[in-house]
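Undergrad: Keeping their order, the protein sequence lines are chains A and B.
Sequential numbering from 0 applies to the first sequence in numbering that gives the first Met the number 0.
Sequential numbering from 0 applies to the second sequence in numbering that gives the first Met the number 0.
Where is the CB? At the ideal position from N, CA and C, for every residue including glycine.
Computed from a predicted structure; not experimentally measured.
There are 2 protein chains.
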Amino acid sequence: MTTRKGNLMSVRTDIKVLDATIRDGGLCNNFEFSDEFVRELYKTNIKSGVDYMEFGYKASKNLFNPDDFGKWKFCDEEDIRAIVGENVSDMKIAVMADVGRCDFKTDFLPKSESVIDMIRVACYIHQIPSAIEMIEYFHNLGYETTCNIMAISQANSEQIQEALDMLGGSSVDVIYLVDSYGSLYPESAGKLAKVYLNAAEKYGKSIGFHAHNNQNLAFANTIETMSYGVSYLDATASGMGRGAGNCAMELLLGFLKNPKYSLYSLLTFIEKYILPLKADGVVWGFDVQYMLTGQLNRHPREAMAFTSDKRSDYFEFYKELLENE
Amino acid sequence: MTTRKGNLMSVRTDIKVLDATIRDGGLCNNFEFSDEFVRELYKTNIKSGVDYMEFGYKASKNLFNPDDFGKWKFCDEEDIRAIVGENVSDMKIAVMADVGRCDFKTDFLPKSESVIDMIRVACYIHQIPSAIEMIEYFHNLGYETTCNIMAISQANSEQIQEALDMLGGSSVDVIYLVDSYGSLYPESAGKLAKVYLNAAEKYGKSIGFHAHNNQNLAFANTIETMSYGVSYLDATASGMGRGAGNCAMELLLGFLKNPKYSLYSLLTFIEKYILPLKADGVVWGFDVQYMLTGQLNRHPREAMAFTSDKRSDYFEFYKELLENE
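1) Using a Cβ-Cβ cut-off of 6 Å (strictly less than) and excluding sequence neighbours within five positions of residue 70 of chain B, which residues of its own chain qualify?
2) Would residue 20 of chain B pass as an interface residue toward chain A - the criterion being a Cβ-Cβ separation below 9 Å?
3) According to DSSP, simplified to helix, strand and coil, what is residue 0 of chain A?
4) Given this structure, state the Cα-to-Cα distance separating residue 307 of chain B from residue 304 of chain A, to the nearest angstrom.
5) Closest to residue 132 of chain A by C-alpha separation, out of A:110, A:112, A:254, A:168, would be which residue?
6) Exposed or buried, residue 201 of chain A, counting other C-beta atoms within 10 Å across all chains shown (16 or more means buried)?
7) Within the continuous beta strand (DSSP E) that includes residue 15 of chain A, where are the two ends?
8) Starting from residue 174 of chain A, follow its DSSP beta bridges and name the residues at the other end.
9) Could I get the ranges of all uninterrupted alpha helix (DSSP H) runs contained in the segment 214-295 of chain B, with 4 residues as the minimum, in chain order?
10) List the residues of chain B that residue 208 of chain A touches, going by C-beta distances under 7 Å, in chain order.
11) Can you give me the C-alpha to C-alpha distance between residue 0 of chain B and residue 193 of chain B, rounded to a whole angstrom?
12) Thinking C-beta only, is residue 213 of chain B closer than 9 Å to residue 289 of chain B?
13) Would you identify the three-state DSSP class for residue 97 of chain A, choosing helix, strand or coil?
14) Count the other CB atoms, across all protein chains shown, that sit within 10 Å of the CB of residue 255 of chain A; report buried if there are 16 or more and exposed otherwise.
15) Alpha carbon to alpha carbon, how far is residue 116 of chain A from residue 25 of chain A? Give it in angstroms, no decimals.
16) Run through chain E and tell me which residues come within less than 8 Å of residue 267 of chain B, C-beta to C-beta.
17) I need the boundaries of the beta strand (DSSP E) containing residue 53 of chain B, first residue and last residue.
18) Against chain B, does residue 159 of chain A count as a neighbour if the rule is that its beta carbon must be under 9 Å from one of theirs?
19) Identify the contact partners of residue 186 of chain B in chain A, using a Cβ-Cβ distance below 7 Å as the criterion.
20) So for residue 185 of chain A, helix, strand or coil by DSSP?
21) What does the Cβ neighbour count give for residue 205 of chain A, buried or exposed, with the cut at 16 atoms within 10 Å?
22) Do the segment 58-65 of chain A and the segment 76-94 of chain A touch if we need at least three Cβ pairs shorter than 8 Å?
23) Can you tell which of B:58, B:184, B:242, B:48 has the C-alpha that lies nearest to the C-alpha of residue 12 of chain B?
24) If we ignore side chains and look at the alpha-carbon of each, how far apart do residue 263 of chain B and residue 252 of chain B end up?
25) For chain A, check one thing: does any of its Cβ atoms lie closer than 9 Å to the Cβ of residue 272 of chain B?
26) Near residue 234 of chain A, which residues of its chain fall below 6 Å by C-beta distance, leaving aside the five closest residues on each side in sequence?
27) Taking just the CA atoms, how far does residue 118 of chain B sit from residue 281 of chain B?
28) Per DSSP, what kind of secondary structure is residue 159 of chain B in: helix, strand or coil?
29) Can you list the beta strand (DSSP E) stretches of 3 or more residues lying completely in the segment 22-85 of chain B, in chain order?
30) Report yes or no: is there a C-beta of chain B within less than 9 Å of the C-beta of residue 154 of chain A?
31) According to the Cβ coordinates, are residue 302 of chain A and residue 243 of chain A closer than 9 Å?
32) In whole angstroms, what separates the C-alpha of residue 51 of chain B from that of residue 186 of chain A?
33) Do you know offhand how far residue 130 of chain A's Cα is from residue 146 of chain A's?
34) Mapping DSSP to helix, strand and coil, what is residue 119 of chain B?
35) Which bits of chain B does residue 180 of chain A rub up against, with CB to CB less than 8 Å?
36) Give a yes or no on whether 9 Å exceeds the smallest Cβ distance from residue 294 of chain B to chain A.
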């Protein structure tokens with residue numbers, strides 16, 4: 000049984016913090032961030048000691064019309080470079096590629112020609128073979144890779160073990176445990192993390208965790224899985240992300256003991272850029288409707304519709320959810 | 000070492016849920032709830048299976064002028080009876096009495112003449128002898144009693160052990176671990192809970208937990224301490240409570256597996272009574288300023304002032320906090 004690594008006072012030098020604000024937060028505003036927002040976040044992340052910044056998706060322009068989305072749905076090389084130049088910093092650049100939603104054989108440059116460092120391949124557990132095909136392709140182009148297995152709370156133990164063994168035999172660098180529905184508790188997230196970490200040890204991989212805040216447990220689950228050895232930790236500024244949002248970066252930076260991490264710049268960024276976003280009507284964060292889908296271990300789509308319809312009849316909504324179980 | 004009791008799927012019949020909305024939430028609105036609010040909450044709690052409802056403080060009218068506060072600061076017997084009648088229900092009635100802030104020898108009836116069932120004695124750890132004097136007095140009047148030792152994150156291990164031994168020798172029924180500053184993590188809250196539970200086993204007491212949500216960990220810490228055997232769990236509707244608030248009752252009721260607990264009525268109460276309260280400008284809940292005092296293990300008073308001054312300069316606030324360390 001995997002025991003806790005380190006303690007609440009010591010530094011874990013294996014930790015990597017990844018800011019996913021533009022990618023997961025982009026799901027709240029259709030990826031329509033101003034260049035100023037993205038540039039200031041980039042500078043803030045560098046000052047904060049963040050290890051990776053995810054800029055968005057590399058989505059297929061054949062499947063998604065670029066006129067319908069902000070540019071961070073597509074993350075063209077020149078758009079990233081317009082923000083980061085040659086990225087003369089210690090922070091690495093990540094993008095996400097969804098299985099089945101990207102043209103991975105045409106839309107990615109060799110790493111030597113790109114400012115991108117890491118490609119995160121997101122998939123459901125039945126798509127692992129497709130994910131591995133993409134991972135090997137990206138690995139051969141020279142990128143770091145992750146596999147983010149989504150909606151893991153709906154998979155069974157045998158599926159998870161099989162997926163971990165398949166990925167263990169691949170070139171992937173990091174395997175992510177993704178609580179898409181925000182339905183895990185610290186106790187269950189910790190147990191799952193131990194399963195992932197056992198595979199990681201066997202195959203020489205690292206494990207990451209990506210939380211959702213449906214039950215106000217995003218931060219709790221992040222530090223609980225971290226305590227057992229999970230080392231890649233996703234967070235976003237003020238928790239900005241789909242529905243109930245993610246683990247808040249300010250909570251995570253305030254918790255980590257490594258002096259390379261600093262909270263100061265992010266506090267200014269929140270005041271100058273997150274508060275105006277909220278004042279403009281961009282909505283995310285813990286609320287009763289997301290709690291209910293999280294408690295029921297369900298996709299938050301009904302809660303998102305409830306939110307966009309500006310409903311507050313939680314009782315009726317709960318009945319609707321239970322009728323559709 | 001105490002191990003987890005039960006698991007995420009089973010029922011723990013020793014659990015008692017206590018609603019502290021009027022008492023801790025009263026700190027947000029000067030205890031000025033309408034009778035309708037309190038009566039509907041009372042009915043909601045009964046329907047929800049809540050075990051205890053705390054109505055407020057029994058504060059000294061010599062120290063606090065009744066004209067300056069709503070009536071739930073004082074919890075006169077006739078005011079409680081105006082809501083609950085003879086309390087013909089399975090739910091018990093609790094009130095809080097602060098050491099040094101109540102006239103305990105004049106303001107409490109014998110239990111046989113009162114609709115109150117439980118008196119919760121709140122104190123700081125250096126006030127344990129005074130708390131025990133009150134506990135013995137209330138016990139002799141016929142009441143159930145708790146001792147809620149506040150700000151425990153600032154006490155050291157020897158103090159805590161001494162306090163637990165002193166209370167162990169008293170007539171108190173329940174000893175509460177109170178994270179007044181919202182600075183505990185699930186890992187540290189769990190460790191502290193085990194210390195309390197070891198004393199509880201030795202002396203035949205029960206242990207309770209009262210959380211604050213400064214780091215968005217109120218619910219996480221509640222279920223973590225519960226998993227080791229803590230059985231009295233405080234929560235409030237929508238987490239209403241001082242500063243960052245408490246563990247949200249809707250999260251706790253949705254988590255507990257005992258079918259006696261139900262979420263339905265609370266969802267209606269939130270829509271009909273909590274949303275209007277927020278719309279009227281009553282403020283509580285997780286926010287950056289409370290996170291910062293929680294991370295620094297400090298009283299939230301500066302964060303409360305920051306909130307009431309409607310400030311948002313988090314960076315300056317953080318500097319001020321660090322300058323006053």
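TA: Taking the definition as stated:
1) 78
2) no
3) Any reading at residue 0 of chain A must be qualified, since the residue scores a pLDDT of 49, below 50, and its modelled position is unreliable; no value is offered.
4) 34 Å
5) A:168
6) So residue 201 of chain A counts as exposed.
7) 15-18 is the span of the beta strand (DSSP E), which, as asked, contains residue 15 of chain A.
8) A:146, A:206
9) 217-226, 248-254, 263-268, 274-278, 287-294
10) Residues of chain B whose Cβ lies closer than 7 Å to the Cβ of residue 208 of chain A do not exist; the shortest such Cβ separation is about 15 Å.
11) Here residue 0 of chain B scores only 49 on pLDDT, less than 50, and its place in the model is too uncertain to base an answer on.
12) yes
13) Residue state, collapsed to three classes: strand.
14) buried
15) 20 Å
16) Judged by its chain identifiers, the structure shown contains no chain E, and its protein chains are A and B.
17) 51-56
18) no
19) 7, 226
20) Residue 185 of chain A: helix per DSSP, three-state reduction.
21) buried
22) no
23) B:48
24) 10 Å
25) no
26) 246, 248, 251
27) Approximately 27 Å, taken between the alpha carbons.
28) helix
29) 51-56
30) no
31) yes
32) About 27 Å.
33) Near 7 Å, if we compare the C-alpha coordinates of residue 146 of chain A and residue 130 of chain A.
34) strand
35) The contacting residues do not exist; residue 180 of chain A stays about 14 Å from chain B at best.
36) With 9 Å as the cut-off, residue 294 of chain B counts as an interface residue toward chain A.
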